[in-house]
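Taken in order, the sequence shown gives residues 1 to 344; the numbers are from the UniProt record's numbering.
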Amino acid sequence: MLSSTTLLAILSALALTSVQSAPADKDSLDSLANKAGKRYLGTAIQSYQLVNNPQYVQILESQFDAITPENEMKWEVVEPTEGNFDFSGTDKIVTEAKKTGSIIRGHNICWDSQQVLKNHIDAVIGRYKDDLAYFDIVNEPLNENGTYKANVWYNVLGESYIETALRYAHEVAPKMKLCINDYNIETVNAKSKAMAKLSAKLLAKKAPLHCMGFESHFIGGETPRDIPASMRQFSDLGLEVPMTELDVRIPVIANDQPANATVAKAQVDDYYTSISACLGNEMCPGVSIWQFADPTSWIPGVFPGYGAALLYDAEYKPKSTYYVVQQALRDGKKTATHFKGCKV
Ligand SMILES: *[C@@H]1O[C@H](CO)[C@@H](O)[C@H](O)[C@H]1NC(C)=O
Ligand SMILES: *[C@@H]1O[C@H](CO)[C@@H](O)[C@H](O)[C@H]1NC(C)=O
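This is the structure we're talking about:
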């Protein structure tokens, strides 16, 4: 007969094996996030890289267990002209996610009339209704002062377009978690307060809203210190608060080199602050980075003079930002608030 100590040793060895069997690397970002009580650690990707960049695929598959199509599920790519759909990019992304068992965050829907909206939701959400865990149904609806953006659908349908879109989507995909997603709501300000008010109003009408995406495009040294307080505005309403597009840009000289040690240090601290904010809120399912390697980042194209915003360098080697994310996840395990998802 086995002694109880031996038995315990064998049982814990077995338990360890089963925990580690999914991601091979026990220190990979996704496995560390899972151990810290989170559902996932994700990234945005492009199908072009899946097809053409083996290093990219290797990192994707070994480090991340949630995927967001960076652009390919957007209206102008999926439905370039009315009624004509092109799913070639998104199909590749969904196939990749299913191969590795990653969850998928769909991103995003917009429209210019009620019927066109309904057709688009039927086609896109209908196609992937059993594949996607989350979908950013409404993207960036508010101005900085908290008023509605006068976009084409607001102008046609008024503020009810948000509720209408959520209800259509829920009809088509009753198990999918439906989100609003925006930037500059990561701090308590006019915009996040207005967003919390809008959320409460929608929930009072029993609109199927399940999550508020915190985009989290930060600048090194300027990342808000009150992300936890802003998250509470939404998690107290019962909404999940995923970080959906995290990157931390800094001033760079040539080749994505940080301008100096001060900005590089601020960036590392900001990654720690950001990851810790999600770890500290039981309604935050996980963090998604907006691409993971600097050569594929949107930042240099949109913010000239800034860059180096991600976790891997031009040679696809992990940077100090990668190691600080690991550190934050390891520290988070000690204080883990286990993720409590909302009901759909
Ligand atoms: C809020 O901001 C928008 C966009 O900048 C502007 O058009 C609008 O006049 C502002 N409204 C108020 C009440 O300040
Ligand atoms: C580092 O670079 C930033 C951005 O260019 C600049 O504002 C700051 O003064 C620099 N600090 C040092 C110590 O050189």
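C-beta atoms are modelled at their ideal positions from N, C-alpha and C, and glycine is treated no differently.
- The C-beta distance from I59 to Y316 rounds to 6 Å, short enough to meet the 8 Å contact threshold.
- Collapsing the DSSP output to three states places P300 in a helix.
- Counting the other Cβ atoms within 10 Å of the Cβ of K319 gives 16 or more, which makes it buried.
- With contact defined as three or more Cβ pairs closer than 8 Å, the stretch 150-163 and the stretch 96-104 are not in contact.
- Straight across, the Cα-Cα distance linking K265 with R225 is about 16 Å.
- N143 has its CB nearer than 7 Å to a heavy atom of ligand 1.
- For V325, the Cβ stays outside the 7 Å cut-off from all heavy atoms of ligand 2.
- Secondary structure note for I219: it is in no alpha helix (DSSP H), and the uninterrupted beta strand (DSSP E) holding it is 217-219.
- One Cα belongs to T81, the other to Q55, and the distance between them is close to 34 Å.
- Judged by DSSP in its simplified three-state form, K265 adopts helix.
- With a cut-off of 8 Å on Cβ pairs, the stretch 147-160 is not in contact with the stretch 172-182, counting fewer than three such pairs.
- Straight across, the Cα-Cα distance linking S102 with L41 is about 10 Å.
- If you ignore the 5 residues before and after Y306, its C-beta comes within less than 8 Å of the C-beta of I219, R249, I250, P251, V252, I299, P300, all in its own chain and listed in chain order.
- N145 is positioned such that its CB atom lies closer than 8 Å to that of A190.
- At least one heavy atom of ligand 2 is found less than 7 Å from the C-beta of V263.
- Taken in chain order, the complete alpha helix (DSSP H) segments of 4 or more residues contained in the stretch 292-341 are 299-302, 320-334.
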